[in-house]
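Step one of this worksheet: look at the structure below.
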Amino acid sequence: MKKNFLKILFITALTVSFTSCKDKAKEAETTAAEAVEETVNSESFVVKTDASTIEWKGFKPTGSHNGTIAIDSGVLDIANGNVVGGSFIIDMKSITVTDIPAEEKGNAKLKGHLSSPDFFDVEKYPNAGFTITGLENVEGKMMLSGNLSLKDAKNNVTFPVTVSNENGVVTLTSETFTIDRTKWNVQYGSKSIFDNLGDKFINDDMELKVMVKAAKS
Numbered sequence: 001m002k003k004n005f006l007k008i009l010f011i012t013a014l015t016v017s018f019t020s021c022k023d024k025a026k027e028a029e030t031t032a033a034e035a036v037e038e039t040v041n042s043e044s045f046v047v048k049t050d051a052s053t054i055e056w057k058g059f060k061p062t063g064s065h066n067g068t069i070a071i072d073s074g075v076l077d078i079a080n081g082n083v084v085g086g087s088f089i090i091d092m093k094s095i096t097v098t099d100i101p102a103e104e105k106g107n108a109k110l111k112g113h114l115s116s117p118d119f120f121d122v123e124k125y126p127n128a129g130f131t132i133t134g135l136e137n138v139e140g141k142m143m144l145s146g147n148l149s150l151k152d153a154k155n156n157v158t159f160p161v162t163v164s165n166e167n168g169v170v171t172l173t174s175e176t177f178t179i180d181r182t183k184w185n186v187q188y189g190s191k192s193i194f195d196n197l198g199d200k201f202i203n204d205d206m207e208l209k210v211m212v213k214a215a216k217s
């Protein structure tokens, strides 16, 4: 009986582990910040901030939380219908929590914690930024690279995107990808930084999905 129970427990744990690995989004390749080359013979398309957003998701042993962050302003540089450069400003004060109803106290509590110095310290660092450094086709996938500035750190990240250009509106949409938040000095609850957290840790990996729409001004 005990042997059967242990066998079932092992299979269950293995299944959960396999499912978690299968469902986890791929981490963006992260390197040191790169030089930004000036684009020539391109047109600047202004980001439509009301139609652009960043979705985020964070994980802990007991579950996850998710929400959105607004894009404050930006441009995409377009040449021959292709994205060749650009940048946008991310409004960190706009961070929202969408998995907890807005009227519940937990929503405001989590938003406040994310905005605090424990996480993104939005009073000190109200804006983050992303500047495109390259876009290339790799084995049939468009891979976008850019310098992500967050808090007091800057790293270059590379992740897959799709780009469409319809009726004068360019839409750039990423696949869901993850970044290691500690590389941008967001360290609260990280097992890789702090010892003796037990099951009170928060995963270093943070999922992001970016969608930017831009049009001629």
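Residue numbering for the sequence shown is 1 to 217, as defined by UniProt numbering. Cβ atoms here follow ideal geometry from the backbone N, Cα and C, with glycine treated the same way.
Extent of the continuous beta strand (DSSP E) run through residue i
i     : result
Lys57 : 53-60
Glu29 : 29-32
Secondary structure of residue i, DSSP reduced to three states
i           : result
Lys216      : strand
Asp77       : strand
Asn41       : coil
residue 218 : What the structure shows of the chain is the stretch from 1 to 217, and residue 218 is not part of that stretch, so it cannot be assessed.
Ser115      : helix
Thr96       : strand
Asp91       : strand
Asp72       : strand
Where residue i falls, given that 16 or more other Cβ within 10 Å makes a residue buried
i      : result
Cys21  : Reliability fails at Cys21, whose pLDDT of 41 lies under 50, so the model's placement of it is uncertain and the value that follows must be treated cautiously. Under this definition Cys21 is an exposed residue.
Ser164 : exposed
Leu76  : buried
Ala102 : exposed
Ala28  : buried
Ile95  : buried
Ile202 : buried
Ser52  : buried
Sequence-distant residues of the same chain with beta carbon closer than 7 Å to residue i, five excluded per side
i      : result
Thr133 : Glu34, Val36, Ser145, Gly146, Asn147, Asn156
Ser64  : Lys57, Gly58
Asn41  : Ala79
Ser217 : Val46
Close beta carbons around residue i, own chain, < 6 Å, minus the five adjacent residues each side
i      : result
Phe10  : With a pLDDT of 39 at Phe10, under the threshold of 50, the predicted position of this residue should be treated as unreliable, and no value is reported.
Glu175 : Pro160
Asp199 : Pro61
Beta-carbon contacts of residue i that lie in its chain and below 8 Å, excluding the five residues immediately before and after
i     : result
Asp91 : Ile69, Ala70, Ile71, Asp72, Pro126, Asn127
Lys48 : Val169, Lys213, Ala214, Ala215
Start-end ranges of the beta strand (DSSP E) lying completely within the segment 139-211, minimum 3 residues = 141-150, 153-166, 169-174, 177-180
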